[in-house]
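**Q** My questions will all concern the structure given below.
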Amino acid sequence: MTARRLKPCFAHFGIESGVSALFQTIIQLDGVKENVIFAGTNTGKCLLFSIRTSKLVATVYEDPNSRQIMGIGEWSFSSETQVDLDENNGASCSDETKQLRIWIHFRGSAVEVFDCFANSTQSQPLRLNMSCKIETAHYSFCRAISDRKNARFILPDYQNESNMLRIRYKKGGEKCFALSEEFLNNSFIKRMKSSNLKFDAENAKQLRLFKGMLMAVDVNINPPSHYKLDQDRILLAFEDSTVAIFDMRTKEVIDCIKHPKHQQFIGLTSRATDDFVYIAVSVMTQVYMMKYSFREEQLSVSCVVKKCKSINCSALEFCGNTLACGFNNGFAEVYRIDFGTEKAETIATSDFHEDSIQTIKWIMSSKCYENSALKIGEEKANQAESKTNLLLIGSSDGKLSFYDSV
Numbered sequence: 583m584t585a586r587r588l589k590p591c592f593a594h595f596g597i598e599s600g601v602s603a604l605f606q607t608i609i610q611l612d613g614v615k616e617n618v619i620f621a622g623t624n625t626g627k628c629l630l631f632s633i634r635t636s637k638l639v640a641t642v643y644e645d646p647n648s649r650q651i652m653g654i655g656e657w658s659f660s661s662e663t664q665v666d667l668d669e670n671n672g673a674s675c676s677d678e679t680k681q682l683r684i685w686i687h688f689r690g691s692a693v694e695v696f697d698c699f700a701n702s703t704q705s706q707p708l709r710l711n712m713s714c715k716i717e718t719a720h721y722s723f724c725r726a727i728s729d730r731k732n733a734r735f736i737l738p739d740y741q742n743e744s745n746m747l748r749i750r751y752k753k754g755g756e757k758c759f760a761l762s763e764e765f766l767n768n769s770f771i772k773r774m775k776s777s778n779l780k781f782d783a784e785n786a787k788q789l790r791l792f793k794g795m796l797m798a799v800d801v802n803i804n805p806p807s808h809y810k811l812d813q814d815r816i817l818l819a820f821e822d823s824t825v826a827i828f829d830m831r832t833k834e835v836i837d838c839i840k841h842p843k844h845q846q847f848i849g850l851t852s853r854a855t856d857d858f859v860y861i862a863v864s865v866m867t868q869v870y871m872m873k874y875s876f877r878e879e880q881l882s883v884s885c886v887v888k889k890c891k892s893i894n895c896s897a898l899e900f901c902g903n904t905l906a907c908g909f910n911n912g913f914a915e916v917y918r919i920d921f922g923t924e925k926a927e928t929i930a931t932s933d934f935h936e937d938s939i940q941t942i943k944w945i946m947s948s949k950c951y952e953n954s955a956l957k958i959g960e961e962k963a964n965q966a967e968s969k970t971n972l973l974l975i976g977s978s979d980g981k982l983s984f985y986d987s988v
């Protein structure tokens, strides 16, 4: 099969330093329910785009310190009980005009929570007021996650030369997990010794696992309901390419894999099926796929998706059985993954961008939006088929491109 060449159905140019984070939701604009995208940039700007028109609506926030935006999402917690309010930054506004509350993760600095208020002015239809702030010293590219299914917010932190995870719960309370290299190694060795698998503890120590900064967290790991297992596990990835399943209740490493050759992690994305979680991982000069078996509680390598010389996959995301990858030379490729045979086939390519792809996101298309029952402030659930979605690609060349019929 010959791969199709993708051409954007719409593109924006001249976005300073490029888009680094994307978030889709529903808001009210001029009395009309709109499907919109919040786009964060590397210089701290938050832009608002309409999916219906594909146009820029407004710049809704500009960070005075030009901090890089790592992630954006909906904040579904009560600020009065979950975070320390900054009285000087808070602003009193009528609840009648409040749209929703969003969080913005600024790299190496903080997660700041903003109340979004509707404005009557056409040039500034949405106004953001910071209501609270959670400081974090974590300076890698690990993004905070709003885990809506488990009603909690997961924030990477760094203290006493050790990676940490801070968990804030919607019903109140906070947990902290110190993820030191020594603790994780000891946990993994202890787990393997107690299993039925043949295991060499000395060999495991020589692998030098869990080194460097925490680079990614994923919550799409727990088994479906038919397994009747009440588990709370997450995926952790480290700078040295170690990818691990971590149990939040028992505080132990269930299993882990480290790439034997390319030991520099870049990014990952996951896709759950009935029996496995498939994890596409980007390391230096390669994209490969592993899977985690709910039944066996083990990680294993499935296939190599892409080998690439002198370039790296800088962003990737699943949508159903479709995987989109963007590279640091500006190219993008879309693969169809056959989870039965565990093979990847290139179905589309794009050379529209001229510099490193920084973010890739599948979003709900206008047609799906028109038929959706989403309420104000709700996030979309990732659609099963890429054909019903738009693909958005943001690059450091200052372009944000939209693709339909991928």
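Using this note's numbering, the first residue of the sequence shown is number 583, and each one after it goes up by one. In this text, a Cβ means the ideal position worked out from N, Cα and C, and glycines have one as well.
What residue range is occupied by the uninterrupted alpha helix (DSSP H) comprising Ile771?
**A** Locating residue 771 in the sequence shown gives position 189, where the first residue counts as 1. That run of the alpha helix (DSSP H) goes Glu763 to Lys775.
**Q** Am I right that Ala603 and Thr941 are in contact with their C-beta atoms under 8 Å? What's the rounded C-beta distance?
**A** The residue labelled residue 603 in the question sits at position 21 within the sequence shown. The residue labelled residue 941 in the question sits at position 359 within the sequence shown. Their Cβ separation, rounded to whole angstroms, is 6 Å, which keeps Ala603 and Thr941 in contact under 8 Å.
**Q** Since I believe Asp979 is in contact with Gly600 (beta carbons under 8 Å), could you give me their beta-carbon distance rounded to a whole number of angstroms?
**A** Here residue 600 corresponds to residue number 18 of the sequence shown, with the count starting at 1. Here residue 979 corresponds to residue number 397 of the sequence shown, with the count starting at 1. With 8 Å as the limit, Gly600 and Asp979 qualify as a contact, their Cβ atoms being about 7 Å apart.
**Q** Run through DSSP, which three-state label would Arg587 get?
**A** Counting from 1 along the sequence shown, the entry for residue 587 is found at position 5. Residue state, collapsed to three classes: strand.
**Q** Where does His720 sit, in a helix, a strand or coil, going by DSSP?
**A** Here the question's residue 720 lines up with position 138 in the sequence shown. It is coil, neither helix nor strand.
**Q** With 16 as the cutoff for other CB atoms within 10 Å, does Asn624 come out buried or exposed?
**A** Sequence index remark: in the sequence shown, residue 624 carries index 42 (1-based). Answer is buried; the Cβ neighbour count reaches 16.
**Q** Is it the case that the Cβ atoms of Lys825 and Ile861 are separated by a distance below 8 Å?
**A** Counting from one through the sequence shown, the residue named residue 825 turns up at place 243. Counting from one through the sequence shown, the residue named residue 861 turns up at place 279. Looking at the sequence provided, one finds Val at residue 825 rather than Lys. Yes, the pair counts as a contact, with Cβ atoms nearer than the cut-off.
**Q** On the DSSP letters alone, give me the boundaries of the beta strand (DSSP E) that Tyr809 sits inside.
**A** Stepping through the sequence shown from its first residue, residue 809 is reached at position 227. That residue, Tyr809, is in no beta strand (DSSP E); it is neither H nor E in DSSP.
**Q** Name the two residues that bound the continuous beta strand (DSSP E) containing Lys873.
**A** In the sequence shown, counting from the first residue as 1, residue 873 sits at position 291. Here the beta strand (DSSP E) through Lys873 covers Gln868 to Ser875.
**Q** Between Ser884, Ser864, Ile827 and Cys724, which lies nearest to Phe876 when the distance is taken from Cα to Cα?
**A** The sequence position of residue 876 within the sequence shown is 294, counting from 1. Answer by Cα proximity: Ile827.
**Q** How many angstroms separate the CA atom of Asn802 from the CA atom of Asn617?
**A** As a position in the sequence shown, residue 802 is number 220, starting the count at 1. As a position in the sequence shown, residue 617 is number 35, starting the count at 1. Distance between the alpha carbons of Asn802 and Asn617 is about 25 Å.
**Q** Just reading off the beta strand (DSSP E) that Phe595 is part of, what are its end residues?
**A** Here residue 595 refers to the residue found at position 13 when the sequence shown is read from its first residue. No beta strand (DSSP E) holds Phe595; DSSP gives it neither H nor E.
**Q** Are the CB atoms of Gly849 and Ala798 nearer to each other than 8 Å?
**A** Walking along the sequence shown from the start, residue 849 turns up at place 267. Walking along the sequence shown from the start, residue 798 turns up at place 216. Yes.
**Q** If distances are taken between C-alpha atoms only, which option among Lys752, Leu747, Lys891 and Val887 comes closest to Leu761?
**A** The residue you call residue 761 lines up with position 179 of the sequence shown. For Leu761, the nearest C-alpha among the options comes from Leu747.
**Q** Looking at the strands, I want to know which residues DSSP matches up with Asn617.
**A** The residue labelled residue 617 in the question sits at position 35 within the sequence shown. Asn617 pairs with Ile608.
**Q** Measure how close the beta-carbons of Val733 and Val693 come, nearest whole angstrom, since I'm counting them as under 8 Å.
**A** Walking along the sequence shown from the start, residue 733 turns up at place 151. Walking along the sequence shown from the start, residue 693 turns up at place 111. One point to set straight first is that residue 733 is Ala, not Val, in the sequence displayed. At roughly 17 Å, the Cβ-Cβ gap does not stay under 8 Å, so Ala733 and Val693 are not in contact.
**Q** Whose C-alpha, out of Arg649, Val614, Pro646 and Thr867, is nearest the C-alpha of Ser632?
**A** Residue 632 sits at position 50 when you count from the first residue of the sequence shown. Of Arg649, Val614, Pro646 and Thr867, the residue nearest in Cα terms is Val614.
**Q** Is the beta carbon of Lys943 less than 8 Å from the beta carbon of Glu899?
**A** Within the sequence shown, the letter at position 361 stands for residue 943. Within the sequence shown, the letter at position 317 stands for residue 899. Taking 8 Å as the Cβ cut-off, Lys943 and Glu899 qualify as a contacting pair.
**Q** Can you find the residues in the same chain that come closer than 6 Å, C-beta to C-beta, to Arg853, ignoring five residues on each side of it along the sequence?
**A** By one-based count along the sequence shown, residue 853 stands at place 271. The answer, listed in chain order, is Tyr860 and Phe900.
**Q** Short check: CB of Lys752 to CB of Phe659, under 8 Å?
**A** Taking the sequence shown and counting its residues from 1, one reaches residue 752 at position 170. Taking the sequence shown and counting its residues from 1, one reaches residue 659 at position 77. Their beta carbons are under 8 Å apart, which means Lys752 touches Phe659 by this criterion.
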